[in-house]
Amino acid sequence: MYKINFSKPINVHFMGIGGISMSGLAEILLKAGFKVTGSDMKASEITDQLADMGALINIGQRASNITDSIDLVVYTAAIHPDNEEFKAAVEKGIPMLTRAQLLGQIMENYKYSIAVSGTHGKTTTTSMLSYILIDADTDPTISVGGILDSIGGNIRVGKSEYFVTEACEYTNSYHAFKPFISIILNVDADHLDFFKDIDEIADSFHVFATKTPKEGLVIVNGDMKYYDTVVKDLECRVVTFGKGAQNKYSAHNIRFDDLGHPTYTLVVDGKEVTDITLKVFGEHNVYNSLSAIAASLELGISIDVIKQGLSECVGAERRFEYKGTILDNVRVMDDYAHHPTEIAATLKAAKNTDYNELWCVFQPHTYSRTYALFNEFAEALKVCDHVIVADIYAAREKDTGLVSAKQLAEKIAEYGTDAFYLPSFDDIENYLLKMQKK
1 MYKINFSKPI NVHFMGIGGI SMSGLAEILL KAGFKVTGSD MKASEITDQL
51 ADMGALINIG QRASNITDSI DLVVYTAAIH PDNEEFKAAV EKGIPMLTRA
101 QLLGQIMENY KYSIAVSGTH GKTTTTSMLS YILIDADTDP TISVGGILDS
151 IGGNIRVGKS EYFVTEACEY TNSYHAFKPF ISIILNVDAD HLDFFKDIDE
201 IADSFHVFAT KTPKEGLVIV NGDMKYYDTV VKDLECRVVT FGKGAQNKYS
251 AHNIRFDDLG HPTYTLVVDG KEVTDITLKV FGEHNVYNSL SAIAASLELG
301 ISIDVIKQGL SECVGAERRF EYKGTILDNV RVMDDYAHHP TEIAATLKAA
351 KNTDYNELWC VFQPHTYSRT YALFNEFAEA LKVCDHVIVA DIYAAREKDT
401 GLVSAKQLAE KIAEYGTDAF YLPSFDDIEN YLLKMQKK
């Protein structure tokens, strides 16, 4: 694998530079003195910002974008080998790294690198850590898969030895990381277009945990089913978090205000420490906050600073984000949840608020996930008063013909829930406006 010498900046080309993660890595290299070029299929606010920083952006991916001056090409899992730029780079013999490989090499420059993994909760937990580390004046570098108000985007380039990033399990990309602190929030069945089953996913998280150096630390959900698999034979120190009393960091006496914000008593090594109040919704965020608290305390950050950071953290965009109130009394929330477990957690958070009727507009994400977890989606969504299912978002996939949004709506309706299918968001908007006028 090509190894970057960060003391000698080179010319790097990013295929898919407009992506939320790729753009952040491009910005890190730009600020380190590298020359950056990149391509994407369409212009965006992100590509415009990178251009303002000095990157050369090409709209459209073509072989001519791969010039002889390029020293390294970085690409994502979404890039296929028959891509014109990919083929041109191979033909020219230009070294290539995946997005994850580049991120792993960047992390090696930081003494205190923290990688947040888990099937669910990565972005929110990274957001929590970002607020805490900034309030602790550590001047961290942060790479996150969402837009955070605390850093004004998806990337923050600091000047200290602290680095925080998400670690995604898809295609085992996080196996390229060797973080000082590895956080494992949970293990669930997802990305079944790549993984064979949940056991293979658990094994993947175990491999990720083994990448942590002996002097490092693995922080893991001690309540989860696959705990023993994940921590088996680790050579580094392991600490646990969760609701169970067996965990080093645990939450007792969880309660919610009328808007669904949790407060709980933090217990460390069996002793009550303080009450923690969150500005994000739901019991699932109690777990996320416990992992952030564990990492912060292990790094020597005071509990007062931690409480301050958590009290400021409103999460990332599209994580049960309040969008506004329409027609006088209809609160609109937006959430990126695309897995049954995430949906169940989000809807549980919604049901902890004061409301009359709960409407859910759901767009399934990828055919493979919808097909593999079809019954689980229906189970999660049936708790609503009304569910509207939009056409499946294909992402990187093609329609297999095995599953449809209409079939999912019909399955949800079998539970007695008022569920139905409307293909487009325009159709859904028109329907909801008509309903509210009645």
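Numbered according to full-length UniProt numbering, the sequence shown spans residues 1 to 438. For glycine and all other residues, C-beta sits at the position ideal for the given N, C-alpha and C.
query = Rounded C-beta distance between M96 and A89? I'm assuming under 8 Å.
reply = 6 Å
query = Is the stretch 386-405 touching the stretch 421-435, taking contact as three or more C-beta pairs under 8 Å?
reply = yes
request  = Indicate the three-state DSSP secondary structure (helix, strand or coil) for D199 in the structure shown.
outcome  = helix
request  = Report the residue from S44, A413, E272 and G282 whose alpha carbon sits nearest the alpha carbon of T341.
outcome  = G282
query = Out of curiosity, what's the CA-to-CA distance linking K211 and H191?
reply = 21 Å
message = To the nearest angstrom, how far is the alpha carbon of S311 from that of D304?
response = 11 Å
task = Could you tell me whether the Cβ atoms of G38 and M22 are closer together than 9 Å?
result = yes
message = In the DSSP output, what is D269 paired with across the bridge?
response = Bridge partners of D269: none, in fact.
request  = Assign S143 to one of three DSSP states: helix, strand, or coil.
outcome  = strand
key: Coarse secondary structure for F24, derived from DSSP in three states   = The amino acid at residue 24 is misidentified as Phe; the sequence shows Gly. Helix.
task = Using the Cα positions of V218 and L234, report the straight-line distance between them to the nearest angstrom.
result = 9 Å
key: Outcome for F425 when other beta-carbon atoms lying within 10 angstroms are tallied against a minimum of 16   = exposed
ask   = Leaving out the 5 sequence neighbours to the left and right, which residues in its chain are closer than 8 Å to V116 when beta-carbon positions are compared?
value = K122, T125, T126, L129, V164, T165, E166, A167, I183, L185 and S291
message = Quick test of your reading: G104 and A202, contact by CB under 8 Å. State the CB separation rounded to the nearest angstrom.
response = Not quite, the Cβ-Cβ distance comes to about 22 Å (not below 8 Å), so this is no contact.
task = Pick helix, strand or coil for M15, following the three-state DSSP scheme.
result = strand
Three-state secondary structure assigned by DSSP to K35 = strand
task = Look at the alpha carbon of D269 and the alpha carbon of I132, and state the distance between them as a whole number of angstroms.
result = 22 Å
query = Distance, Cα to Cα, L358 vs I293?
reply = 32 Å
task = Using only alpha-carbon positions, find the residue among L422, D335, H365 and F256 that is nearest to G146.
result = D335
Straight-line gap, A55 to T76 (C-alpha atoms, nearest Å) = 18 Å
message = Give me the residue from A394, N221 and Y226 with the minimum Cα distance to D199.
response = Y226
key: Secondary structure, beta strand (DSSP E): runs of 3+ residues fully inside the stretch 213-248   = 217-221 and 237-242
key: Opening and closing residue of the alpha helix (DSSP H) in which H284 lies   = H284 to E298
query = How big is the Cα-Cα spacing for L50 and L25?
reply = 11 Å
Rounded straight-line distance, which links the Cα of I114 to that of residue 444 = With the chain running from 1 to 438 in the structure shown, residue 444 is simply not present.
query = Could you give the C-beta distance for A100 and I181, rounded to a whole number, given that I count them as a contact under 8 Å?
reply = That belief does not hold up - the Cβ atoms of A100 and I181 are roughly 18 Å apart, past 8 Å.
request  = Would you kindly work out how many angstroms separate the C-alpha atoms of V330 and V361, rounded to a whole number?
outcome  = 14 Å
ask   = Hey, I276 and K307 are a contact pair by Cβ (cut 8 Å); roughly how many whole angstroms apart?
value = 7 Å
Own chain, CB closer than 8 Å to G244, minus 5 neighbours either side, in chain order = G222, D223 and S250
Cutoff 6 Å; reference I59; Cβ partners in own chain excluding five residues on either side = A43
query = Going by the CB atoms, is the gap between G216 and P262 shorter than 9 Å?
reply = no
task = State yes or no: is the C-beta of T141 within less than 9 Å of the C-beta of I28?
result = yes
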